[in-house]
Structure formats: C-alpha cells, structure tokens
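Here's the structure we're looking at; comments come further down.
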Amino acid sequence: MNRIALGLFLFLFSFSFASASESYDVDFSEVSTQAIFVYDGDEIRFSLLGGDHVIIIEDVGSSSIKVDIGPFVDRQNILTPGLIGLDYIMKLDLDKDGVTDLNVALYAVSAEGEVHLVLQDVRAADQGAPEDVGLVEGGNFGISKIGVLIIVGALILVLVLFLVFRNGFWSDTEKKTEEHVHHSSEKTDSSEELKEEAS
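Residues in the sequence shown are numbered from 1 upward in steps of one, following the numbering used here.
Right under this line is the structure:
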C-alpha cells in the first residue's frame with residue numbers, strides 16, 4: 001500500500017516540474033502594438049473584429065517558430081498552421097476580407113527558448129497617430145533608385161576608362177623606355193667600336 005501511495009505521489013510530483021503551457025491575453029483597446037514573451041506550447045488570446053482569436057506557439061527554433069492560428073475561435077475550432085521567421089512579418093487576415101488585420105513579428109528567440117513577439121492591430125494603428133513601436137519602415141533619403149543606379153553606372157564607367165587608359169599609357173611608356181634603352185645600347189656599342197678603331 002505504501003509503495004502504491006509513494007508511486008502515485010512521485011507520478012503527480014513529476015508533473016509539477018513539467019513545463020506548463022501559459023495563456024496570455026492581449027488587449028489592443030488602448031495600444032495597437034503589443035510586445036509579448038512566450039515559450040513553446042503557450043497561447044496568445046486576443047479580441048479583434050468582434051471575435052476572439054488565438055495564436056498557439058507549437059515549435060520554437062533558433063530563428064523561427066511554428067504557430068497554429070485560430071481566428072474566431074468562439075465560432076469555429078479550425079487552426080491554421082503558420083511559420084514566422086526573424087526576417088518576416090506575418091500578416092493575418094482574420095476575417096478573410098482581403099485586408100490585413102494583424103501583423104505578427106518575431107523579434108528574437110533566446111537560447112532558453114523564450115520567444116519575443118510583437119503583435120500589431122493594423123486597423124487601429126492606421127487610424128491613430130504613428131507610434132514608436134521599433135519597427136523599421138522604408139524611408140525617403142532624398143535619392144531615388146534611379147539616382148543610385150546613375151551614380152553606380154558612372155562610377156563603373158570611370159573605373160573602366162581608368163583601367164583602359166592606364167593600360168594604354170603604361171604600354172606606350174614601356175615601348176618608349178624599351179626604345180630608349182635600345183638606342184642607348186646602340187650608341188654605347190658604336191662609341192666602343194670607334195674607340196677600338198682609334199686605338
């Protein structure tokens with residue numbers, strides 16, 4: 001009897017050390033961009049567009065995570081798999097109307113498996129003033145792509161012309177040097193012949 005009780009105690013005690021999945025609720029009512037730290041097996045719940053949605057972290061890699069996305073879980077139980085990488089922003093169209101409703105970006109994955117996600121309610125972000133969310137957007141630096149191409153093309157042309165004329169200049173100089181050395185040696189030979197004839 002004591003062995004059974006001890007075995008049952010050890011069995012139940014072992015579950016307390018297992019990594020329990022957590023559930024996190026994200027509220028976009030005041031701030032349209034939310035950062036969250038989660039682990040493998042955790043789920044993120046949020047409300048948008050009059051419904052409840054869930055993102056479940058399925059597998060954590062060193063530079064990407066696999067997720068299951070459940071739009072409108074209060075109406076259906078269909079989960080859609082997805083993959084989010086460090087250099088990718090997942091754009092979710094929850095109500096399938098052709099307009100992105102939520103951006104999900106993988107910001108970092110720690111060595112311990114902690115996932116840093118950034119979620120953004122796109123519609124609220126578009127309606128409100130710009131927020132400082134740490135997302136890098138394309139900027140206008142006062143020069144267009146055509147301007148950059150023209151500059152690069154001009155630099156390549158200058159380099160090619162330099163190499164062509166440099167080689168032409170050096171080959172002409174080498175010819176002149178060889179001719180000068182050849183004429184000098186002829187003069188030296190003829191002056192030595194004159195000295196020998198004179199003696």
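Glycine is no exception: its CB is placed at the ideal position from the N, C-alpha and C atoms.
- For Gly51, the three-state secondary structure derived from DSSP is strand.
- Residues of the same chain with a CB within less than 8 Å of the CB of Asp93, apart from the 5 flanking positions on each side, are Val99, Thr100 and Asp101 in chain order.
- The straight-line gap separating the alpha-carbon atoms of Val118 and Lys91 is approximately 12 Å.
- Of the candidates Glu30, Val158, Phe46 and Glu112, the residue whose Cα lies closest to the Cα of Ile69 is Phe46.
- For Lys145, the secondary structure class from DSSP, reduced to helix, strand or coil, is helix.
- In this structure, Ile56 lies away from Val115, with their beta-carbon atoms at least 9 Å apart.
- Under the three-state reduction of DSSP output, Gly61 falls in the coil class, being neither helix nor strand.
- Under the three-state reduction of DSSP, Phe162 is assigned to helix.
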